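Working notes, beginning with the structure itself.
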């Protein structure tokens, strides 16, 4: 599925680390962990931000 909340957060923004972190946080803002995996929403947020930065390599300010 598409990361529509992240897409919306990135629209009109310059490609930089802060924008990527904000977009990832927006995408997973409603994520609720299940028992024994409370770390997963934060892990997913950091992973998405890192992937966005990797995809934009060369254009990150």
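In this note's numbering, the protein residues as written are 14 to 74.
Backbone N, C-alpha and C define an ideal beta-carbon position, used for all residues, glycine too.
Here the structure is a predicted model, which means the values were calculated and not measured.
Residue of the options minimising C-alpha distance to residue i
i          : options           : result
residue 38 : 57, 67 and 46     : 57
residue 62 : 42, 32, 71 and 14 : 32
8 angstroms Cβ cutoff met for residue i and residue j
i          : j          : result
residue 40 : residue 16 : yes
residue 36 : residue 51 : no
Limits of the unbroken alpha helix (DSSP H) element including residue i
i          : result
residue 62 : 53-68
Check whether the region 44-61 touches the region 21-28, taking contact to mean three or more Cβ pairs, one atom from each stretch, closer than 8 angstroms.
Result no; under three Cβ-Cβ pairs closer than 8 angstroms.
For the region 18-42, which segments carrying the alpha helix (DSSP H) assignment without a break, of at least 4 residues, lie completely within its bounds, in sequence order?
Counting only runs of 4 or more, we get 30-40.
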